Structures are given as structure tokens and as C-alpha cells.
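Under the working numbering, the sequence shown is numbered contiguously, ending at residue 1189.
The block underneath contains the structure these notes are about, expressed in C-alpha cells.
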Amino acid sequence: MKPLKELVRPNILKLKPYSSARNEYSGHAAHVFLDANENPYNGPLNRYPDPLQTELKNKIAEVKGIPAEYTFLGNGSDEAIDLPYRIFCRPGVDNVVAIEPTYGMYRVCADINDVEYRPVMLDEHYQMDADKLLAACDKNTKIIWICSPNNPTGNSMDRKAIEKVLTKFDGIVIVDEAYSDFSRERPLRYELLKYPNLIVLNTMSKAWASAAIRLGMAFASKEIIALMNNVKYPYNVNQLTQLQALKVLGEKADVERWVRLILQERGRMVEAFSQLPLCEKVFPTDANFFLARVSDAQRIYDYLVERGIIVRNRTRVQLCNNCLRITIGTRNENNELIGALRQFNA
Ligand SMILES: *Cc1c(COP(=O)(O)O)cnc(C)c1O
């Protein structure tokens, strides 16, 4: 890995971050807060939230097994996806490399930040080739994006291939593990000490059943986390979100039960879907959804919409011709989908 000083944009390197009232005061127990121009009435939401979300990070450390100093929290993964562009990529100069197909936000954030996006096609099994990714890099490549388990394909990327990229690439490698709770693979976040150029993304939106609260996580070296904290909005995670996240994280047993149910339903759904005359192939999945190739994705999608059932039509995505992406729902929802599809006239 290149020294961080060479990877970070010069303006970010010399940035003097905003220092809030809540940043500047710490230490002594205090009970009169007249430092932040808050309104003293309407408690408790009259106060600015903790800008570094210390209590929440400590809870996450317990649940995820990563110390709080290695953790960034943001307004969904969206924020954790956008920040690395703003930290590492000079607009109009630098570029990023990513597996293709994958989650659409990596490209949208590249476009917004005026950073060239270089997609590298997966193979016919939706697997990545480390050498192809590395070959797409040049001296201005700052980030390689990997999503595992991958959206929309559902499969995990080959672990050896990911580790080869981490070892050989001298820039930042971001591995989005939004779906790792649904996979039996050991999460890469446990390898942070081995790979100083690794950023792992997690989210409360999937297994933790809290998409509405917008809480995303990045796990990385203390130095990278410090950069993310310098660039983020001072109060990027609001108090309602912090409180609700603490509550959900305290009910870990519920979440584990939901994940077990979803995995059980996933097995049942893959089996049932495979038997449908309209199904050509169900691709292997490590996530809470599966990708399936069908006879005519657009017609089947429209047919389902008419019955009030929405799946994701991915037919226009590269390598996903005639593919639908189907999220695992409750047992009843899943039965409704399969029931409707059994009545579809091919
Ligand atoms: C759903 C998803 C996320 C979650 O994004 P949030 O902004 O945290 O809701 C992140 N990455 C991938 C690949 C996803 O599919």
C-alpha cells in the first residue's frame, strides 16, 4: 500500500475540520450546557447528538467484534460509499475500479464526484478475477470496489481473489459486506489488522431490519477512520437513529431469529422457484435474495406488478439478461409470489 499521504487528496490532507461545541467540551462532569446555542426546552431532543456516536460505537464493537476506534458510522452505507471518493479521488483526475455487475451506488457516487468509474466484468459464474481488476488499474486508481455477497448476483466473491487484490493493489480496497450476516463465510472485517488498505462496509438496513433509520458502518484502520470523521458532516447520525440503533442492537436474539427464518425461507424459495416452468436458472446465493434467469423477465415482472407483487427486474444489467432479483419475504409473502407464478402462462 502507498503511504496514506500519497493516496489522500491534498486539500483533505491539510483540512482543518470543523470543531463543534460537543467536540471541544469533554472530561469534567457538567450539568449546565450553555455552549451550543441550543434551546433549553423540549428535552431530550433539544440537544445536539454526540458527533462521534461513542456509546453506539461501543455497542456495535460488542456485537460486531471490531473496536470502536476502527469504526465509522454514517447516514446509511450511502455516506460511507460517498466519503472515500471525497477523501481519496481528485475530481477529473483519479479513477476507481469495480466488479461489474454490482451495487449501483458506487457508480452514482463516482459520477457525482466526477471520478472515472472502471467496471470489470465478472465471469459467467459471477466470480471476480483478481488479475483483471488489477490490470484495469493505473497510477491514478485510488479505490477498488468489491461487494461480497454481491448485489444483484447474490454470491460471495472468491476469498482468495479478494485477498490477492488486497495484497497486490497499492490503493484502497472497499469490500461491501452488507449481506454478510446471511453468508457462512467469515466476514473480512476481522482481517483489518492484516490489510491496512481495507475498508469494510456494513449496514443496519438488511439483517438488522432497520433500513428506515439510515445507519451504515465502515470498518478500517484508525488513520482511515480519522479521515472519514474529518470529512463527514459534524452531526451526521441523528439522535433518533442512535437511540433506535442501540435498542435494536440490544435485541440481538430477535435479529438472529429473523436471519434464521430468512435463510430457511431462502432454501424453500430457491427450491420452489427452480420447479417453475418459467425458471431457467436460480443462481447460488449467500444473501437475503436470489437472482433467477427466467423465460421473459419483463413480462413476468409486469404480470406480478398487476397482482401487487414487486420484484426487481435486472434484465438490463450486464450479464443479467432476463434476470429477476427476488428478496426473501415472510412465509406468506413468499407463498403469494410462488402461487402467482404457478399461474403464469408462459
Ligand atoms: C442494500 C445495500 C446497502 C445498504 O445501503 P444503506 O445505505 O446502508 O441502506 C449497501 N450495500 C449494498 C451492496 C446493498 O445492497
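The beta-carbon is built from N, C-alpha and C at its ideal position, and this holds for glycine as well.
Treat the numbers as computed from the prediction; the structure is a model and nothing was measured.
Check whether Ile909 and Phe1062 have beta carbons under 7 Å apart: In the sequence shown, counting from the first residue as 1, residue 909 sits at position 66. In the sequence shown, counting from the first residue as 1, residue 1062 sits at position 219. The answer is yes: Cβ separation under 7 Å.
Cross-strand partners of Pro934 (DSSP beta bridge): Reading the sequence shown from its first residue, position 91 is the one you call residue 934. Pro934 is not bridged to any residue.
Contact with chain C by Lys900, beta-carbon distance below 7 Å: Annotation note: the requested chain C is absent from the structure, which comprises a single protein chain.
Any non-hydrogen atom of ligand 1 within 6 Å of Tyr946 CB: To locate residue 946, count along the sequence shown from 1; it is residue 103. Yes, the Cβ of Tyr946 comes within 6 Å of a heavy atom of ligand 1.
Local conformation of Arg1103 per DSSP, three classes: Stepping through the sequence shown from its first residue, residue 1103 is reached at position 260. In the three-state DSSP reduction, Arg1103 falls in the helix class (H, G or I).
Any non-hydrogen atom of ligand 1 within 6 Å of Gly919 CB: Reading the sequence shown from its first residue, position 76 is the one you call residue 919. Yes, Cβ of Gly919 sits closer than 6 Å to a heavy atom of ligand 1.
Distance CB(Tyr969)-CB(Thr996) smaller than 7 Å: For the purposes of this step, residue 969 is taken as residue 126 along the sequence shown, with counting starting at 1. For the purposes of this step, residue 996 is taken as residue 153 along the sequence shown, with counting starting at 1. Contact: yes.
Any non-hydrogen atom of ligand 1 closer than 6 Å to Thr1046 Cβ: Against the sequence shown, residue 1046 aligns to sequence position 203. Flag set: Cβ of Thr1046 near ligand 1.
CA-to-CA distance, Asp893 to Tyr861, given in whole angstroms: Looking up residue 861 in the sequence shown gives position 18. Looking up residue 893 in the sequence shown gives position 50. Taking the straight line from one Cα to the other gives about 14 Å.
Closest residue to Val1018 among Ala941, Arg1057 and Asp974 (Cα-Cα distance): For the purposes of this step, residue 1018 is taken as residue 175 along the sequence shown, with counting starting at 1. For Val1018, the nearest C-alpha among the options comes from Ala941.
Range of the contiguous beta strand (DSSP E) that encloses Gln1125: In the sequence shown, counting from the first residue as 1, residue 1125 sits at position 282. Contrary to the premise, residue 1125 reads as Val rather than Gln in this sequence. Looking at the DSSP string, the run of the beta strand (DSSP E) that includes Val1125 is Cys1122 to Val1125.
Ligand 1 heavy atom lying under 6 Å from the CB of Asn994: The residue you call residue 994 lines up with position 151 of the sequence shown. Asn994: yes, Cβ under 6 Å from ligand 1.
For Leu1162, three-class secondary structure by DSSP: In the sequence shown, the residue the question calls residue 1162 occupies position 319. Three-state DSSP puts Leu1162 in coil, outside helix and strand.
Endpoints, alpha helix (DSSP H) assigned at Lys1090: In the sequence shown, the residue the question calls residue 1090 occupies position 247. Counting along the chain, the alpha helix (DSSP H) containing Lys1090 begins and ends at Gln1082 to Leu1092.
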